[in-house]
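So the sequence shown is numbered by the working numbering: it starts at 62 and just counts up by one.
For every residue, glycine included, the Cβ atom is placed at its ideal position computed from N, Cα and C.
Remember, predicted model here, so these are calculated numbers, not experimental data.
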Amino acid sequence: MRVVILDSAEEMGNFAADIILRGVGEGSLKVLGVATGSSPLPIYQALRDRWTPAVANLEAFALDEYVGLPYSHPQSYHAVIAREVTESLGLGAHKVHVPDGGASDLANEGRRYEAQIASVGGIDLQILGIGSTGHIGFNEPTSSLTSRTRIKTLTTETRQDNARFFPSLDDVPRHCITQGLGTIMDARQVVLIAQGESKADAVANAVEGPLSSMCPGSILQMHQNATILLDSEAASKLKLIDYYRFVFANRPAWQQ
Ligand code: GLP
């Protein structure tokens, strides 16, 4: 894992955009995995500010969706991805995919989505946030570390975290469909972004804790190309924080 600690949301967004735009420019990044939530917004902002026509050619796959919210609901991930990604980055709607939480055959929807990802050759770079439970996508604690896209039940903690987007806690769906941890691990590169003290425990457990389904984000310790982008608050509980800062400040030119 490469842990990068930066001072502002703008720097974090630009750092991730550098990686993405380099991949797009070199032709190695054609399929982008996109995430919802507030964490990745600086990345989308930086991509918007530095937009090139090649960005519009990206194929995109979202991580997850609530089960039981109509697409028209402003907090459905279909609607969030349409607003924050498809429209703002000028992508073709037919190239942006979100698991269908309203599918008539929900049991098969995960397999259908996996096949769709496979049909374009897999995800080149997956953007991730992390939940306070340590979830990535919506893979809550005790998710199989090799899971594929499937229906999951949300924890009370995650529903409380996301209640800020709904009139009340009762309105937050109880189920979701999410790419599995195995699906996320198949992405050729991952960039996880986290800000704020409320993420500090989850980040410390994911980066330095034991590999455990109790912190699903810890599976990224097994990924060969994972960048963890943090602000100082999200990094504040890392034991090796000075080491990560030193490594980053002294990174070789080829890694800049
Ligand atoms: C949501 C999403 C995750 C996201 C996480 C953190 O529930 N399913 O993909 O990373 O929770 O959200 P935020 O970035 O708003 O803190």
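Please go through the same chain and pick out, in chain order, the residues whose beta-carbon is closer than 6 angstroms to the beta-carbon of Glu258, but skip the five residues on each side of it. For this step, residue 258 is matched to residue 197 along the sequence shown. Around Glu258: Glu294.
Exposed or buried, which one is Gln221 when buried takes at least 16 other CB atoms within 10 Å? Position 160 of the sequence shown, counted from the start, is the residue given in the question as residue 221. Exposed: under 16 other Cβ atoms inside 10 Å.
Where Leu167 falls: helix, strand or coil (DSSP): On the sequence shown, position 106 is the one that residue 167 refers to. Helix at Leu167.
Do three or more CB pairs link the segment 63 to 74 to the segment 233 to 241 at distances below 8 angstroms? no
For Glu120, collect the residues of the same chain with a Cβ closer than 6 angstroms to its Cβ; drop the 5 residues on either side in sequence, then sort them by chain order. One-based indexing of the sequence shown puts residue 120 at position 59. Cβ neighbours of Glu120 beyond the five flanking positions: Val92, Lys156 and Val181.
Taking C-alpha atoms, which residue in Pro202, Ala224, Arg249 and Asn169 lies nearest to Arg211? Counting from 1 along the sequence shown, the entry for residue 211 is found at position 150. It is Asn169 whose Cα lies nearest to the Cα of Arg211.
For a quick check, are the C-beta atoms of Thr216 and Pro228 less than 9 angstroms apart? Here the question's residue 216 lines up with position 155 in the sequence shown. Here the question's residue 228 lines up with position 167 in the sequence shown. Not in contact: Thr216 and Pro228 (Cβ atoms no closer than 9 angstroms).
Give the DSSP bridge partners of Tyr132, in chain order. To locate residue 132, count along the sequence shown from 1; it is residue 71. DSSP output for Tyr132 lists no bridge partner at all.
Entirely within the segment 215 to 249 and at least 3 residues each: give me those beta strand (DSSP E) ranges in chain order. 236 to 239
With 16 other Cβ atoms within 10 Å as the buried cut-off, status of Asn223: To locate residue 223, count along the sequence shown from 1; it is residue 162. Buried, since its Cβ has 16 or more Cβ neighbours within 10 Å.
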